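Asker: Before anything else, here's the structure in question.
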Amino acid sequence: DSKSARSGDQKSNWRSFDTNSADASDTGTPAGQKDVLASNEMPSSGPGRQPTIRRPSLKGGKKKKKDAVVSMEKRGSQIPLDVLPAEIQQEDDAQALLDNADKVDEYYYGIRIFPGQDPSQVWVGWVTTQYHFYSPTFEPVNVERRCLYVEGDRNGMAVESVEYRNCYMMNAAELLSHVSDATNTKVSGTLIGCIIDTSVGELTFQAAGQDTGVKFKLEPGAMLFPAAFFTPTATEILQFELGRIKFTFPISAAMFKSCYKSLVPFCPPRLTVECLDPVHWARVPNETLRTTSLKLSDIRGWSVLCDDPVRIMAVYIPEKDESFDILEIIEKPVYLDFHRQTLNLYCKLASHGNLKVAHILCQHVDEDQIMYAVKSHYLSGPMRQGYHDLLIALHLQSHATARQSMSREYVIPLCEQLHNQNVFDPDTETRFLFI
1 DSKSARSGDQ KSNWRSFDTN SADASDTGTP AGQKDVLASN EMPSSGPGRQ PTIRRPSLKG
61 GKKKKKDAVV SMEKRGSQIP LDVLPAEIQQ EDDAQALLDN ADKVDEYYYG IRIFPGQDPS
121 QVWVGWVTTQ YHFYSPTFEP VNVERRCLYV EGDRNGMAVE SVEYRNCYMM NAAELLSHVS
181 DATNTKVSGT LIGCIIDTSV GELTFQAAGQ DTGVKFKLEP GAMLFPAAFF TPTATEILQF
241 ELGRIKFTFP ISAAMFKSCY KSLVPFCPPR LTVECLDPVH WARVPNETLR TTSLKLSDIR
301 GWSVLCDDPV RIMAVYIPEK DESFDILEII EKPVYLDFHR QTLNLYCKLA SHGNLKVAHI
361 LCQHVDEDQI MYAVKSHYLS GPMRQGYHDL LIALHLQSHA TARQSMSREY VIPLCEQLHN
421 QNVFDPDTET RFLFI
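Quick note on full-length UniProt numbering: the sequence shown kicks off at 1 and runs consecutively.
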């Protein structure tokens, strides 16, 4: 009896889980239909079948959850233009740029210098394809290469002038000094803008959203690339930014300020930034060796014969116990200046007909070295000039100076025979004794 009473209580509790399920007498279950919850086939224990009583809540009835509909259709990243109103479609920056691509002539990029970075250690601007200089510090005197072309008329007046440069770089602190009232840069940093107007060929710079008045005139057909040089004084240094000015190129999905936004969040594309790296190289001879190889036998091996060997001239450094080709000395400015001054010292020692020192120097700088330096097509300019000056000082200068000093001197022996022949008379036929 107790077991049947418990089963009866459990059945009543089961029916309390579903309000729609009730006794057949209360809900009027049709004939022939079986009440599943009231049947003995339902297990009395198991997962989810604990005999708990759910009490009615005092709050209002909960809303019925809607079934989630899973759609396999791929949604686009933006709202279709035909769905948007006409006034919103007209405010799209991307569409306006594409429509007026032939009329937009300005290219812009900005560099934001974060707080903590010293602006005087940041250089912003553009470089050309001829810029190949690498140095730990950016020094305009050593980096910039300039060439001024001036076209004049018949009267000598300048008609047109164009300046060619390998880079157009400006210091960030100098650009900020051209701005009267710069905004507070302690939070957002300093924004330096660089603009190119291809219609007139002009470069301009902005600082903190204001025009600095610094302009450069470009030569026709110039190829420019954005560049920044800096010496870090903080952990966060700078970043490149695009799209700060409307209707300027380049077009990028990361800079559109459209009225409608993307439905699917995505990261903007990153810019590819190239860095200058130092390269160490070693020079090889301009001509390869012409060799003839012949296998003598399996025991004796191979025989290699070089008919015309390629000669090089090496410079030996005793302090480092190393040697390198003299053609590589152009890559080592310290050694280049030292050897150039050494050759100048040799020239001064052999000056004024000091033949004894000249003979000693001829043993140190022999004929092979001088002839190799004179005939070499790839020797650096200072070394070539030094060897030519040494050749003149050792072998030619003393003789040329002696001949030049005696060019207006004549030695005429005054003897009785010459007096009788009257050699000073221009009409006499015996004035030239050697004929």
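Think of the CB as a built atom: it goes at the ideal place given N, C-alpha and C, for glycine as much as any other residue.
Bear in mind that the values here come from a model prediction, so they are computed numbers and not experimental data.
Could you tell me which uninterrupted alpha helix (DSSP H) segments, each at least 4 residues in length, are contained entirely in the region 94-179, listed from first to last along the chain?
Answerer: Those alpha helix (DSSP H) runs which fall completely within the region 94-179 and span 4+ residues are 140-143, 172-177.
Asker: Please classify PRO382: does DSSP put it in a helix, a strand, or coil?
Answerer: Helix.
Asker: Going by CA-CA distance only, name the one from ALA222, ASP153, ALA373, ALA158 that's closest to THR129.
Answerer: Out of ALA222, ASP153, ALA373, ALA158, ALA222 has the C-alpha closest to the C-alpha of THR129.
Asker: Express the C-alpha separation of PHE249 and SER380 in angstroms, rounding to a whole number.
Answerer: Answer to the nearest angstrom: the Cα atoms are 44 Å apart.
Asker: For ILE312, name the three-state secondary structure that DSSP assigns.
Answerer: If DSSP states are grouped into helix, strand and coil, ILE312 belongs with coil.
Asker: Can you name the residues that DSSP bridges to PRO232?
Answerer: DSSP lists no partner for PRO232.
Asker: Measure the CB-CB distance between GLU110 and MET170 and report whether it falls below 8 Å.
Answerer: Note on identity: in this sequence residue 110 is Gly, with Glu being the wrong assignment. Their beta carbons are not under 8 Å apart, which means GLY110 does not touch MET170 by this criterion.
Asker: Between the Cα of VAL273 and the Cα atoms of GLU241, MET313, PRO382, ASP118, which residue gives the shortest distance?
Answerer: Of GLU241, MET313, PRO382, ASP118, the residue nearest in Cα terms is GLU241.
Asker: Per DSSP, ILE329 is paired with what?
Answerer: The partner list for ILE329 (beta bridge, DSSP) is empty, contrary to what the question assumes.
Asker: May I ask you to report which of helix, strand or coil DSSP gives LEU276?
Answerer: If DSSP states are grouped into helix, strand and coil, LEU276 belongs with coil.
Asker: Mapping the DSSP letters down to three states, classify THR248 as helix, strand or coil.
Answerer: Coil at THR248, not helix or strand.
Asker: Which of helix, strand or coil does DSSP assign to ARG340?
Answerer: Looking at ARG340 - three-state DSSP - the assignment turns out to be helix.
Asker: Mapping DSSP to helix, strand and coil, what is ARG408?
Answerer: If DSSP states are grouped into helix, strand and coil, ARG408 belongs with coil.
Asker: Which same chain residues, not among the five before or five after SER161, have their C-beta less than 8 Å away from its C-beta?
Answerer: If we look at SER161 and ignore the five residues flanking it on each side, its Cβ neighbours are LEU148, TYR149, VAL150, GLU151.
Asker: Would you mind sorting GLN206 into buried or exposed? The rule is 16 or more other CB atoms within 10 Å of its CB.
Answerer: Counting Cβ neighbours within 10 Å, GLN206 comes out buried, since at least 16 surround it.
Asker: With a 10 Å radius around its C-beta and 16 neighbouring C-beta atoms as the bar for buried, classify THR292 as buried or exposed.
Answerer: Answer is exposed; the Cβ neighbour count stays below 16.
Asker: Tell me whether the region 190-210 and the region 130-148 touch, counting them as touching only if at least three CB pairs, one residue from each stretch, are closer than 8 Å.
Answerer: They do not touch, by the three-pair rule.
Asker: Tell me which same chain residues have a C-beta within less than 7 Å of the C-beta of CYS275, skipping the five on either side of it?
Answerer: Around CYS275: no qualifying Cβ.
Asker: Inspect the CB distances between the region 295-314 and the region 344-356 and report whether three or more fall short of 8 Å.
Answerer: No, the region 295-314 does not touch the region 344-356.
Asker: When burial is assigned at 16 or more other CB atoms within 10 Å of the CB, is MET383 buried or exposed?
Answerer: Burial call: buried.
Asker: One question on the structure: do VAL365 and TYR378 come within less than 8 Å of each other, judged by their Cβ atoms?
Answerer: No. Outside cutoff.
Asker: Is LEU355 helix, strand or coil when you go by DSSP?
Answerer: It is helical.
Asker: Given this structure, state the Cα-to-Cα distance separating ILE195 from PHE225, to the nearest angstrom.
Answerer: Rounded to whole angstroms, ILE195 to PHE225 spans 12 Å at the Cα level.
Asker: Mind checking which residues open and close the beta strand (DSSP E) that includes VAL214?
Answerer: Run containing VAL214: 210-217, per the beta strand (DSSP E) assignment.
Asker: Measuring alpha carbon to alpha carbon, tell me which of LEU294, ALA314, PRO309, ARG311 ends up nearest SER303.
Answerer: Answer by Cα proximity: LEU294.
Asker: Flag this pair as yes or no: are the beta carbons of ALA227 and VAL127 separated by less than 8 Å?
Answerer: Yes, the pair counts as a contact, with Cβ atoms nearer than the cut-off.
Asker: Going by beta-carbon coordinates alone, are TYR164 and GLU219 separated by less than 8 Å?
Answerer: Going by C-beta atoms, TYR164 is nearer than 8 Å to GLU219.
Asker: Can you look up ILE370 in the DSSP assignment and give me helix, strand or coil?
Answerer: The answer is helix: DSSP assigns ILE370 an H, G or I state.
Asker: With distances taken Cα to Cα, identify the nearest neighbour of GLN369 among MET313, GLN385, GLY193.
Answerer: Ranking MET313, GLN385, GLY193 by Cα distance to GLN369 puts MET313 first.
Asker: What's the call for THR288, buried or exposed, on a 16-neighbour Cβ count within 10 Å?
Answerer: Exposed, because fewer than 16 other Cβ atoms sit within 10 Å of the Cβ of THR288.
Asker: I need the straight-line Cα distance from SER376 to ASN286, nearest angstrom please.
Answerer: Distance between the alpha carbons of SER376 and ASN286: 11 Å.
Asker: So, for ASP118: in the same chain, excluding its five sequence neighbours on each side, which residues have a beta-carbon less than 7 Å away from its beta-carbon?
Answerer: Hits under 7 Å: THR233.
Asker: State the start and end residues of the unbroken beta strand (DSSP E) segment that holds ASP197.
Answerer: Its beta strand (DSSP E) spans residues 190-197.
Asker: DSSP beta-bridge partners for SER297?
Answerer: GLY301, per the DSSP bridge assignment.
Asker: Could you name the residues that DSSP lists as bridge partners for THR204?
Answerer: Note: THR204 sits in a beta bridge opposite ILE195, LYS215.
Asker: If you check the beta carbons only, do VAL159 and THR212 fall under 8 Å apart?
Answerer: Their beta carbons are not under 8 Å apart, which means VAL159 does not touch THR212 by this criterion.
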